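In my numbering, the protein residues as written are 1419 to 1670.
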Ligand SMILES: NC(=O)c1ccc[n+]([C@@H]2O[C@H](COP(=O)([O-])OP(=O)(O)OC[C@H]3O[C@@H](n4cnc5c(N)ncnc54)[C@H](OP(=O)(O)O)[C@@H]3O)[C@@H](O)[C@H]2O)c1
């Protein structure tokens, strides 16, 4: 009953989700319709993915059983979307992240006031093809936006800084990039696969009087830990602010 899916707004995130769905066998191309604003983008989406693509959102909505609003922009609340739909239409809010592009997204789904378990399950199923999904009450979504939603940017910044450090130490940019990416990937896999707490893992590589503790002393002196707490708290506040702004505009 929920096979036919329409994606309103086939941009980077939308196309990543569509191609992930098809690649993983979650949906056949003929079960997907995508919309865009420009004719050229419509053609591109159809040619690259073998799906139906159109400029008409109403056409796509009429055809589909499930509609994905790719404007799953930060801070659009289910109550806002519900206000613009016929009463009783189930809405599920999603906060994913840019790793949708490589099938390693972290997505969180939250039911709106008319969404039942089976509706949330559809969102979980669709996002499950492109990464991990958990279900949480919507009250947490500003926090999620600030952490896993914006999170890739924090790791990219860290990678950038560490690559610069390698360059400072005289390594070439290519070597620096390879060293840092593989180190991040290895660390992420250890965190995921060993189930150990980050503190335990860090202690494993911090020998008394050694090199790692010499570096960590500087990171602590620079207040890196507090900077993360403050930065993520600021992102959460900004997400809540955007949601309030969007709702006021919608009300106007
Ligand atoms: N953490 C997250 O969950 C996360 C991460 C990244 C992005 N996002 C959000 O996801 C949304 C999409 O991001 P993106 O990077 O994929 O953006 P994008 O590449 O700019 O994609 C937007 C797409 O929507 C289409 N579009 C715009 N208005 C439309 C309309 N009225 N009807 C039909 N299609 C329309 C555009 O069509 P044309 O190409 O023809 O103009 C474009 O293809 C953004 O709101 C962004 O904030 C969320």
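We put the CB at the ideal spot given by N, CA and C, even for glycine. Values in this document were obtained by computation on a predicted structure and should not be read as measured data.
Residue i lies in the beta strand (DSSP E); which residues open and close that run?
| i | result |
| --- | --- |
| residue 1529 | 1523–1529 |
| residue 1487 | 1484–1487 |
| residue 1426 | 1423–1426 |
Would the beta-carbon of residue i fall within 9 Å of that of residue j?
| i | j | result |
| --- | --- | --- |
| residue 1493 | residue 1661 | yes |
| residue 1658 | residue 1560 | yes |
| residue 1431 | residue 1518 | yes |
| residue 1512 | residue 1541 | yes |
| residue 1484 | residue 1441 | no |
| residue 1546 | residue 1522 | no |
| residue 1562 | residue 1526 | yes |
| residue 1571 | residue 1584 | no |
| residue 1528 | residue 1500 | no |
| residue 1479 | residue 1452 | no |
| residue 1654 | residue 1564 | yes |
| residue 1486 | residue 1554 | no |
By the three-class DSSP mapping on this structure, what secondary structure does residue i have?
| i | result |
| --- | --- |
| residue 1685 | Because the chain in this structure spans residues 1419 to 1670, residue 1685 falls outside the shown range and cannot be described. |
| residue 1471 | strand |
| residue 1642 | helix |
| residue 1669 | Confidence at residue 1669 is low in this model, with a pLDDT of 43, below 50, so its placement is unreliable and the value that follows should be read with caution. The answer is helix: DSSP assigns residue 1669 an H, G or I state. |
| residue 1493 | coil |
| residue 1549 | strand |
| residue 1455 | coil |
| residue 1507 | coil |
Count the other C-beta atoms from every protein chain shown that fall within 10 angstroms of the C-beta of residue i, then say buried if there are 16 or more, exposed otherwise.
| i | result |
| --- | --- |
| residue 1425 | buried |
| residue 1636 | exposed |
| residue 1438 | buried |
| residue 1455 | exposed |
| residue 1669 | Since pLDDT at residue 1669 reaches only 43, below the 50 mark, its modelled position is unreliable, and the value read off the structure follows with that caveat. Exposed, because fewer than 16 other Cβ atoms sit within 10 Å of the Cβ of residue 1669. |
| residue 1622 | exposed |
| residue 1544 | buried |
Shorter than 9 Å from the beta carbon of residue i to some beta carbon of chain C?
| i | result |
| --- | --- |
| residue 1603 | Of the chains in the structure shown, none is chain C; there is only one protein chain. |
Give the range of the alpha helix (DSSP H) segment to which residue i is assigned.
| i | result |
| --- | --- |
| residue 1434 | 1430–1441 |
| residue 1359 | Any answer about residue 1359 is impossible in this case: the structure gives the chain only from 1419 up to 1670. |
| residue 1671 | No information on residue 1671 is available, as it lies outside the stretch 1419 to 1670 that the chain covers here. |
CB of residue i to nearest heavy atom of ligand 2: below 8 Å?
| i | result |
| --- | --- |
| residue 1515 | Of the ligands one can find in the structure shown, namely ligand 1, none is ligand 2. |
Mind pulling the alpha helix (DSSP H) runs of 4 or more residues that sit fully within the region 1582–1635? DSSP runs (the alpha helix (DSSP H)) wholly in the region 1582–1635: 1591–1612 and 1616–1622.
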